[in-house]
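Residue numbers (the UniProt record's numbering): 1 to 140.
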């Protein structure tokens with residue numbers, strides 16, 4: 001599993017897969033030092049990304065841009081506060097294209113999010129993400 005800080009509310013990001021942490025592929029923004037990061041991928045039932053925020057936030061939208069051909073048919077957003085187990089917030093259904101897609105999220109106060117990509121469109125279960133944005137407000 002790889003962990004790194006990012007700009008969205010100062011979150012810590014981790015990427016992985018249900019069966020093995022090395023089976024996830026991620027491509028970051030062009031201005032990101034990790035742009036073009038690619039690792040060997042292994043087939044698995046789902047891929048996931050976790051975001052850990054330094055303070056509580058209220059999520060209102062999730063935006064994702066996939067590489068066409070490397071997305072999923074169904075996604076799940078889960079959240080938690082503190083060390084609680086992740087609980088489901090919403091399911092979403094992306095299209096298999098290169099467009100930035102926006103998914104509304106029922107108001108949820110969290111300090112950790114998990115985005116799971118299920119039923120991937122790639123034969124080998126790979127998912128390629130160009131942009132992953134969490135929109136909302138910081139809670140005081």
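Idealized CB from N, CA, C, for every residue including glycine.
Computed from a predicted structure; not experimentally measured.
So, residue i versus residue j, is the Cβ gap smaller than 7 Å?
i, j, result
"residue 115", "residue 59", "no"
"residue 128", "residue 120", "no"
"residue 61", "residue 105", "yes"
"residue 55", "residue 133", "no"
"residue 82", "residue 89", "no"
Given a threshold of 16 other Cβ atoms within 10 Å of its Cβ, counted over all protein chains shown, does residue i qualify as buried or as exposed?
i, result
"residue 108", "buried"
"residue 68", "exposed"
"residue 124", "exposed"
"residue 100", "exposed"
"residue 87", "exposed"
Check residue i in the structure and name its three-state DSSP category.
i, result
"residue 85", "coil"
Identify every residue that forms a DSSP beta bridge with residue i.
i, result
"residue 69", "Paired residue(s): none; residue 69 is not in a bridge."
"residue 139", "Partner(s): none; residue 139 has no beta bridge."
"residue 125", "Residue 125 is not bridged to any residue."
**Request:** Flag this pair as touching only if the segment 92-109 and the segment 65-74 have three or more C-beta atom pairs under 8 Å; answer yes or no.
**Result:** As far as the Cβ criterion goes, the segment 92-109 touches the segment 65-74, which means the pair count is three or higher.
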